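Everything below concerns the one structure shown next.
There are 2 protein chains.
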Amino acid sequence: MELQELKDQITKNLEDGNLHNIKSLLSAYHPSEIAEILDYIDPEIHSNVLSSLDNETASEVLLELDDQHRHDLLEALDNEKIAHIVEEMDSDDAADVIADLAEADVAPVLSKLDPEEVEEVKSLLQYPEDTAGGIMQTELAEVTEDSTVRDAINWIRLIADELDDLQDIYVIDTAEKLLGTVSPKKLLLSNPGVKLKNIMTEPEVSVTPLIDQEEVAKIFEKYDIFALPVIDESGKLIGRITADDVIDVITEEASEDMYHLAGVQDQMHPIYTPTLTRIKLRTPWLLLTLVGELFIALIIVNVFQPTLQKVAILAAFMPAIMATGGNVGIQTTTIVIRSMGMGTITFSQIYKLVISEVKVGLSIGIICGLVAAIAGAIISKNETQFVKLAFAVFIAMVSATLATSFVGAASPLLLQKFKFDPAAASGPLLTMFNDIFGSLVYLFIAMLIF
Amino acid sequence: MELQELKDQITKNLEDGNLHNIKSLLSAYHPSEIAEILDYIDPEIHSNVLSSLDNETASEVLLELDDQHRHDLLEALDNEKIAHIVEEMDSDDAADVIADLAEADVAPVLSKLDPEEVEEVKSLLQYPEDTAGGIMQTELAEVTEDSTVRDAINWIRLIADELDDLQDIYVIDTAEKLLGTVSPKKLLLSNPGVKLKNIMTEPEVSVTPLIDQEEVAKIFEKYDIFALPVIDESGKLIGRITADDVIDVITEEASEDMYHLAGVQDQMHPIYTPTLTRIKLRTPWLLLTLVGELFIALIIVNVFQPTLQKVAILAAFMPAIMATGGNVGIQTTTIVIRSMGMGTITFSQIYKLVISEVKVGLSIGIICGLVAAIAGAIISKNETQFVKLAFAVFIAMVSATLATSFVGAASPLLLQKFKFDPAAASGPLLTMFNDIFGSLVYLFIAMLIF
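As given, the protein sequences belong to chains V and S, one line each in that order.
If you count the first sequence from 1, position 229 lands on 229 in our numbering, and the numbers rise without skipping.
If you count the second sequence from 1, position 269 lands on 719 in our numbering, and the numbers rise without skipping.
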């Protein structure tokens, strides 16, 4: 069916109060497709469409929406429906939705949930969103070491409804300490009477709940696994993280790095986020940068104005010097931040990395400096000045690329060392540093030689 | 054991020819840890260390290395060892390694492999690296629809050695057409005598081999799956893609976007890539940008020099105008490229998106323009000029942010429409556009009013 037709039918059925028809109309689509279809429909009726769906589908649709959109929808839904929807979710998703509710709605929604589910959600809500505990789920298959394969299968049968994805079966002792894992393949191929302790393998890797989600992502990349057990300090199994959730984490972390690099403070939906919020998320670094750039103006007015009055042509090459230095700096800082984000470089290689980046930056600076100096000599058309001008342009460009390579490589590493986000060494700040440094070096040399 | 000690012992054992000792020394470490340990050891002896390991461990270590490092190591290993190592790999990884060999080594290595494996590798090599076919593996569990659960388990037992991760069992007809899937959980819980066609579910989603790997990643994100079947045009099952490989794809694609945005042409290892290659990967966009910036110089010298000579203070505010416009443009293009990369926005929303970005850009431009104009008036200290100067600064800053918001939002969308990489609308080019536009508008207004 064409989207336009679908949209018209949904709107019409809604007006007529035929919620059941909407459900049948949408039954042909996957929840993630329904989430996309919502984008084409008037936001005012999104909550009605969601209410028309069965709880399981509604829960999956809700999880496919981006944060802002989900937040808006939750505000429009009544608590009864939210509780029914949350009950269909894995514990990690349920906790995310509860965390997203308005303060006043949390207690009413929790009161409508199954007490066991409330316990699980509460235990997950204690961990920050971006930690292993924040992305783990409590649904998993755990069996004691003396259980047989037959026992394990019977147990899985009992919990099958809440356990959407099986993956590894975790073997624990009576104190719930994690002893080993058994893959579904092993379970399928083993004799029903065999004890799990005889077929389990030691857990390849596990994490504690307060580990950063970025570290969790690196572990999945490194070990090529599909599920990762989460244990507390005593070794007790408290949850697991699955590959599908890690895929979302990697996407989110990469976005965060890109946005921070561009001086955007946080992720936002480019259409659903209100304009004012978007301006607030983007302006702070820009204003800080602007202050730095205006500082250049202050220095020029107070120190270099006579030089510029004498040799107005100097101003013509400021854009080239500042742009080249800025671009080289952004390249360097992007490479360093990405290498750190992907775990390509280890801490012991930091010194090597800075040296290597400065070497490349310097080479590029010399190449660009020569091109600019020659162009400067040609453009200036003045025999007495062109050598001096070319000299000032060359030295300024090489100094600027050298300085931004060093700062671009070293600042994310320093930020990391002091436990800040390396990507906070954002582009706008680097541009500002480069512009101040490049333009002042350039004008200072010019002042000396002219 | 301390790294330094480990390193010394490895070097010593190598000198003494005790390869077996190296193997025992490293047996305590996971292959991905051995890959990291290599970073601390003289690259000259990496191939000897790898040769000392058993083939399975060596194959896993090799796969953990980045491209450049792996390439270097393959060149140093003899073909016999490479063949043994490749035999231990999943077909997708084997194909990647074969594709990475020097032309002259391909035939000798293939001749040493099992003929069936050669067939598989050759069938995978026909697909471009960044497509579904390029990342799929041929190892999977497929059984015909009339097989019983017992038959399926027996079949899995037969192929268990080559099938590292089970995930979904694929149900096919006699022409190998994909009919449905059965999860390991379902297989475990079903009666041995039940036919698979009675318990299978329709495949939720599948792809053809020439689909771009970025689309594959989006499907994994959207459907929260662990494995995705790949079928040819006739519906015949030819491979599967697993979540662990998709995690690598997402990381790779995000890096590519970040590097392109920074005007770096391709991914590179920040230490192992030779300096000359790195300069080559980074210089092209920089030089192109430089030409644009030198064009500004040409115009200033030929058109605006008299104005600048008369009002030298004008030059003082050029950095602020160019930096603000450039930063706003980079923010916009980053948000748009990331939204496209994550599939946050659909094609029908493009028009909305551009409008929305221009609105935000204009607002930010007005805020920054006001700040700069006031600062300009204060800094200029000259009663007759300050109003004119503030006016020129304000108009130039608003025009520049408006223009870069529009270009920053529209250019990746246009590139996408014409099947280019949206991230090729790279930062350096946008900076160049902004600098040309911003500085010329500024000087033109100044020329008119002074």
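Heads up, the beta-carbon is just placed ideally off N, CA and C, and yes, glycines get one too.
Just so you know, these numbers come straight off a predicted model, no measurement behind them.
Report all residues from its chain with a CB closer than 8 angstroms to the CB of residue i; omit the five preceding and five following residues, and keep chain order.
| i | result |
| --- | --- |
| ILE219(V) | VAL205, VAL207, ILE225 and LEU228 |
| PRO493(S) | ASP522 |
| SER789(S) | ILE795 and LEU803 |
| TRP155(V) | ALA141, VAL143 and SER147 |
| ASP232(V) | THR208, PRO209 and ILE238 |
Find the nearest neighbour of residue i within the set the options, judged by alpha-carbon distance.
| i | options | result |
| --- | --- | --- |
| GLU103(V) | ASP93(V), ASP90(V), LEU74(V) and ASP114(V) | LEU74(V) |
| SER684(S) | PRO659(S), ASN777(S) and GLU664(S) | PRO659(S) |
| LEU129(V) | GLY438(V), PHE386(V) and VAL216(V) | Per the sequence presented here, residue 129(V) reads as Glu, with Leu not at that position. If we check each option's Cα against that of GLU129(V), VAL216(V) comes out closest. |
| PRO901(S) | ARG600(S), GLU626(S) and ILE622(S) | Nothing can be reported for residue 901(S), as the shown portion of chain S is limited to 451 through 900. |
| LEU737(S) | ALA95(V), GLY325(V) and LEU62(V) | GLY325(V) |
| GLN454(S) | SER348(V), SER405(V) and GLY361(V) | SER348(V) |
| ASP92(V) | ALA132(V), ALA107(V) and VAL61(V) | ALA132(V) |
| ILE495(S) | LYS457(S), ASN604(S) and GLU514(S) | LYS457(S) |
| ALA372(V) | ASN382(V), ALA424(V), LEU179(V) and ALA396(V) | ALA396(V) |
| ALA28(V) | THR57(V), ARG282(V), LYS12(V) and GLN265(V) | THR57(V) |
| PHE754(S) | ALA896(S), LEU512(S) and LEU488(S) | ALA896(S) |
| PRO319(V) | ILE746(S), ASP614(S) and TYR577(S) | ILE746(S) |
Based on the DSSP secondary-structure assignment, which residues constitute the bridge partners of residue i?
| i | result |
| --- | --- |
| ALA874(S) | Beta-bridge pairing links ALA874(S) to no other residue. |
| TYR620(S) | GLU592(S) and THR631(S) |
| ARG607(S) | Answer is none; ARG607(S) lacks a bridge partner. |
| LYS197(V) | Paired residue(s): none; LYS197(V) is not in a bridge. |
| GLN137(V) | ARG240(V) |
| ASP662(S) | THR581(S) |
| THR251(V) | BP columns for THR251(V) are empty, so no partner. |
| THR283(V) | The partner list for THR283(V) (beta bridge, DSSP) is empty, contrary to what the question assumes. |
| THR148(V) | LYS195(V) |
Compare the beta carbon distance of residue i and residue j with 8 angstroms and say whether it is the shorter of the two.
| i | j | result |
| --- | --- | --- |
| ILE649(S) | LYS636(S) | yes |
| LEU758(S) | ALA392(V) | no |
| ALA766(S) | THR289(V) | no |
| LEU464(S) | ASN498(S) | yes |
| THR784(S) | LEU880(S) | no |
| ALA859(S) | VAL778(S) | no |
| ASP90(V) | HIS71(V) | no |
| GLY369(V) | VAL398(V) | yes |
| ASP694(S) | ALA254(V) | no |
| GLU64(V) | ALA35(V) | yes |
| LEU863(S) | GLY811(S) | no |
| ILE374(V) | LEU748(S) | no |
| VAL632(S) | GLU595(S) | no |
| GLU807(S) | VAL786(S) | yes |
How is residue i classed by DSSP in three states: helix, strand or coil?
| i | result |
| --- | --- |
| ILE532(S) | helix |
| GLY685(S) | coil |
| ALA28(V) | coil |
| ILE800(S) | helix |
| THR307(V) | helix |
| LEU637(S) | helix |
| GLN331(V) | helix |
| LEU228(V) | strand |
| THR727(S) | helix |
| ILE22(V) | helix |
| GLN9(V) | helix |
| ASP543(S) | helix |
| VAL207(V) | strand |
| THR344(V) | coil |
| THR131(V) | strand |
| THR384(V) | coil |
Among residues of its own chain, excluding the 5 on either side of residue i, which ones have a beta-carbon nearer than 6 angstroms to its beta-carbon?
| i | result |
| --- | --- |
| GLY713(S) | TRP735, SER876, GLY877 and PRO878 |
| SER52(V) | LEU19, ILE22 and LYS23 |
| GLN416(V) | PRO422 |
| ILE532(S) | VAL559 |
So, for residue i: in the same chain, excluding its five sequence neighbours on each side, which residues have a beta-carbon less than 7 angstroms away from its beta-carbon?
| i | result |
| --- | --- |
| ALA152(V) | VAL143, ILE169, LEU187 and LEU196 |
| GLU80(V) | LYS112 |
| SER555(S) | The residue you asked about is not Ser; residue 555(S) is Asp in the sequence shown. Around ASP555(S): ASN529. |
| ILE460(S) | ILE472, LEU475, ILE491 and VAL499 |
| ILE661(S) | THR581 and ALA582 |
Any heavy atom of the ligand NAP closer than 7 angstroms to the Cβ of residue i?
| i | result |
| --- | --- |
| ALA822(S) | Ligands displayed in this structure: none; no statement on the ligand NAP is therefore possible. |
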